[in-house]
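Going line by line, the protein sequences match chains Y and R.
The working numbering puts the first residue of the first sequence at 1354, with every later residue one more than the last.
The working numbering puts the first residue of the second sequence at 138, with every later residue one more than the last.
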Amino acid sequence: MDKNLPDNMLRAALARNDPAAVELMWDRYAGDLFAYLQAVLCSKHDAEDVLQTVFVRIVRKRHRLAGAHRLDAYVYRIARNEAFRLIGRRKKGRTVEAVNESWLIVPEDRRQPNDLAEQLQAALARLPQPQREVIVMKIYRQKTFLEISGLLGLSQNTVASRYRYGMEKLRTLLENLTL
Amino acid sequence: MNDKDTQNEKLERILKRAHMPAPSPELKTRITAEAAKAWNQTSPEISWRIPVRRLFVSAAAAVFIIWLANCSSDYALARWQSDGLEVAHQQPPDLDTLPEIHYSPLARHLVSTGRKPSITDASALRSYAETVRRVLDEAQQNGVSKPPAPVEGRSLLLPTQPGLNSYS
Chain Y
1354 MDKNLPDNML
1364 RAALARNDPA
1374 AVELMWDRYA
1384 GDLFAYLQAV
1394 LCSKHDAEDV
1404 LQTVFVRIVR
1414 KRHRLAGAHR
1424 LDAYVYRIAR
1434 NEAFRLIGRR
1444 KKGRTVEAVN
1454 ESWLIVPEDR
1464 RQPNDLAEQL
1474 QAALARLPQP
1484 QREVIVMKIY
1494 RQKTFLEISG
1504 LLGLSQNTVA
1514 SRYRYGMEKL
1524 RTLLENLTL
Chain R
138 MNDKDTQNEK
148 LERILKRAHM
158 PAPSPELKTR
168 ITAEAAKAWN
178 QTSPEISWRI
188 PVRRLFVSAA
198 AAVFIIWLAN
208 CSSDYALARW
218 QSDGLEVAHQ
228 QPPDLDTLPE
238 IHYSPLARHL
248 VSTGRKPSIT
258 DASALRSYAE
268 TVRRVLDEAQ
278 QNGVSKPPAP
288 VEGRSLLLPT
298 QPGLNSYS
């Protein structure tokens, strides 16, 4: 199956000004964007709010989106901008929301320590944001370095080195786990 | 290197024990409803209008910048011109109160003519040139008077043209 088929269908729907494009867009991008936003914001609630803003913005810019060179990169750029806008507002207003919510889930049926999700989440949250977003996209969304570099507008080497440095830090942070 | 790769693989396996939650159906309903509302609120925009609108905006911005530059230039020049005219017409305020110095006839003439208003028409200019020539001739015939003895505390510098004393 052609990897670009969903994007082509989406482009066609956007060009036709067909409201069904919203559903197509959701099916195509919601999962990836939600994971990406959680990685950037380290918060499920914030990610939900920003995802809504992103979709509204995409709809308003639908005509530009239809003609975009890379639809996926454009969508990620909107998501990234919105996430950073929220972070900026938080910093400006000095409102730090210490919401202890889990954005990583460990299935209960596995015989793992109960706090594994919390430990992983805490360790990921301590990584610099650029390293965290690359690790999350690679591990949890199964993206290749090439795909990540295209989506974030970075070189493959940059993405690979961010991943490597991030993994090194994670190894230090999670050394109490059985590595 | 292999050791690092092995450790990375182990770490990846640990990380993969967890997963990230997918967006819930409620979230999908909420967001698609909001997006559909935004879709209906924004009018369909014809694609060729975007570059045309940009072109108009750019042209308007260029015209405005040029107009602003012209205004600024006119304002600066007007100020400069008025200042210049004032300087050109300004007379030394203490010209008449200068201490009397013994000038040569030519110097006296030049000082007196310098106090007269500027000559603009051709006939006046011609008569002025004739006067100067006549004075010069007289000075040549009579010889140049010796400079006066220096008065104590006063400068010997005379407001005359250079080379005046070279007449023989």
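All C-beta atoms, glycine included, are put in the ideal place defined by N, C-alpha and C.
Neighbourhood of residue i by C-beta distance below 8 Å, restricted to the same chain and skipping five residues each side
i	result
A276 (chain R)	S241, P242, L243 and Y304
E146 (chain R)	none
A1388 (chain Y)	V1489, M1490, Y1493 and R1494
L1386 (chain Y)	L1404, V1407, V1428, Y1429 and A1432
Residue i to residue j span [Cα, whole Å]
i	j	result
G1441 (chain Y)	L1394 (chain Y)	11 Å
V1375 (chain Y)	K174 (chain R)	11 Å
L1480 (chain Y)	I1488 (chain Y)	10 Å
L262 (chain R)	A198 (chain R)	53 Å
L1523 (chain Y)	G1503 (chain Y)	25 Å
V269 (chain R)	R245 (chain R)	12 Å
R1430 (chain Y)	I1411 (chain Y)	11 Å
Q1484 (chain Y)	F1498 (chain Y)	13 Å
R191 (chain R)	A1421 (chain Y)	17 Å
A170 (chain R)	N207 (chain R)	52 Å
L152 (chain R)	P162 (chain R)	26 Å
E1486 (chain Y)	N1434 (chain Y)	14 Å
S210 (chain R)	L247 (chain R)	40 Å
A1451 (chain Y)	P158 (chain R)	The predicted position of A1451 (chain Y) is uncertain, since its pLDDT is 47 and thus under 50; no value can be drawn from it.
G300 (chain R)	Y212 (chain R)	Unreliable placement is indicated for G300 (chain R), whose pLDDT of 48 sits below 50; the coordinate value is still reported in the next sentence. In a straight line, the C-alpha of G300 (chain R) is about 45 Å away from that of Y212 (chain R).
L148 (chain R)	W185 (chain R)	52 Å
E1521 (chain Y)	W176 (chain R)	45 Å
Beta-carbon neighbours of residue i, restricted to chain R and to distances below 8 Å
i	result
I1492 (chain Y)	E149, L152 and K153
R1413 (chain Y)	A175 and T179
A1470 (chain Y)	A155
With 16 other Cβ atoms within 10 Å as the buried cut-off, status of residue i
i	result
E1401 (chain Y)	buried
G1506 (chain Y)	exposed
A1476 (chain Y)	buried
V200 (chain R)	exposed
Q178 (chain R)	exposed
I203 (chain R)	exposed
W1379 (chain Y)	buried
L1424 (chain Y)	buried
D1468 (chain Y)	exposed
K1496 (chain Y)	buried
Y1382 (chain Y)	buried
F1408 (chain Y)	buried
L1439 (chain Y)	buried
Cut-off 7 Å between Cβ atoms - residues of its own chain near residue i, not counting five sequence neighbours on either side
i	result
A1419 (chain Y)	R1364, L1367 and A1368
M1362 (chain Y)	L1377
G1519 (chain Y)	L1480, Q1484, R1485, V1487 and I1488
Residue-level contact to chain Y via CB, residue i, 8 Å cutoff
i	result
R190 (chain R)	no
T166 (chain R)	no
E171 (chain R)	yes
P160 (chain R)	yes
N207 (chain R)	no
Chain R contact for residue i (CB, 8 Å cutoff)
i	result
L1523 (chain Y)	yes
E1376 (chain Y)	yes
F1498 (chain Y)	no
M1520 (chain Y)	yes
V1459 (chain Y)	yes
P1481 (chain Y)	no
Q1391 (chain Y)	yes
E1401 (chain Y)	yes
A1383 (chain Y)	yes
F1387 (chain Y)	yes
P1372 (chain Y)	yes
L1367 (chain Y)	no
Contacts that residue i makes with chain Y (C-beta to C-beta distance below 9 Å)
i	result
A196 (chain R)	Within 9 Å Cβ-Cβ: nothing; A196 (chain R) doesn't reach chain Y, min ~21 Å.
Close Cβ partners of residue i (< 6 Å) along its chain, the five nearest in sequence each way excluded
i	result
L1457 (chain Y)	A1470, L1473 and Q1474
F1325 (chain Y)	No information on residue 1325 (chain Y) is available, as it lies outside the stretch 1354 to 1532 that chain Y covers here.
Under 9 Å from the C-beta of residue i: neighbouring residues of chain R
i	result
F1408 (chain Y)	I168, T169, E171, A172 and A175
Q1405 (chain Y)	L164, R167, I168, E171 and A172
Under 7 Å from the C-beta of residue i: neighbouring residues of chain R
i	result
L1363 (chain Y)	Within chain R, no residue comes near L1363 (chain Y); the closest Cβ sits about 13 Å away, beyond 7 Å.
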